[in-house]
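In our numbering, the protein residues as written are 119 to 303. What follows is a single structure, written as structure tokens, with notes after it.
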Amino acid sequence: MAVVGFDTTVFPKLNYKDPEEFWQRIEEIKGFFSHHKGQLDKVFEKAPAFMAAFEKLDPLIQSYTSKVCPYCGTVCCANKFGFPEFADVVGFLALGLEIPSYDLDVDEEAICQFIGEGGCVLPRPQRPYRCTWYFCDPLLVQLEIGPARDYRSFINDLQELSRARGELLESFFQIWKEIQAEKER
Ligand code: SF4
Ligand code: SF4
């Protein structure tokens with residue numbers, strides 16, 4: 119799947135291994151959204167397309183994971199994958215979503231704290247983006263053996279999600295970078 123996304127490493131690292139720094143950084147991002155709301159119009163304008171792309175993709179992914187995941191012996195959802203990066207938090211806030219109450223005092227290799235009986239309890243847009251982009255081999259096989267038309271449409275939907283997220287993050291980054299530079303002057 120050759121999809122070019124936004125390079126999120128341009129943002130500071132959100133390190134779940136350092137709880138104090140993790141929550142401080144999340145508060146900083148929240149503060150940025152509330153203090154600069156008036157300058158973030160372009161970011162909020164991009165939010166509906168990002169949400170729509172999640173909504174389009176979710177039922178199809180669900181239909182595949184519900185076939186494959188209940189029989190999985192090596193569940194991929196570990197705590198370390200359930201923690202967000204900086205760009206994920208930007209996405210949550212741009213979409214008007216709450217930041218999940220992460221418990222950082224967990225074994226990072228253990229099954230993710232957000233796993234419920236029917237899979238992940240977080241709505242897809244409130245999960246780290248990597249969760250939507252992870253396709254294990256059995257899932258890929260399910261996708262590939264399905265109708266070609268479904269597969270093509272799935273790839274298009276994934277590309278649209280990547281595009282919509284990329285545009286939103288790019289808009290945010292331009293404003294964020296400028297304000298950071300002003301602060302440093
Ligand atoms: S996505 Fe794949 S590895 Fe993860 S739980 Fe489902 S079947 Fe298992
Ligand atoms: S999909 Fe949900 S349960 Fe799985 S790692 Fe991501 S946040 Fe955790």
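Ideal Cβ positions, reconstructed from N, Cα and C, are used throughout, including at glycine. No experiment lies behind these values; they were computed from the predicted model shown.
Annotation for L222 indicates a beta carbon at 7 Å or more from all heavy atoms of ligand 2. With respect to the 8 Å criterion, G237 and C187 are classified as neighbours on the basis of their beta carbons.
Set against 7 Å, the gap from the CB of V186 to the closest heavy atom of ligand 1 is smaller. Each of D255, I217, G123, R245 was checked against the Cα of C190, and the nearest Cα belongs to D255.
Per DSSP, the beta bridge partners of I229 are A196. Straight-line spacing of the CA atoms in I179 and K148 works out to 30 Å. Taking every residue with its beta carbon within less than 5 Å of a heavy atom belonging to ligand 2 gives, in chain order, C195, F199, G200, C230, F232, I233, C238, R245, C249.
Within its own chain, the residues whose Cβ lies closer than 7 Å to the Cβ of N133, once the five positions on either side in sequence are excluded, are E139, F140, listed in chain order.
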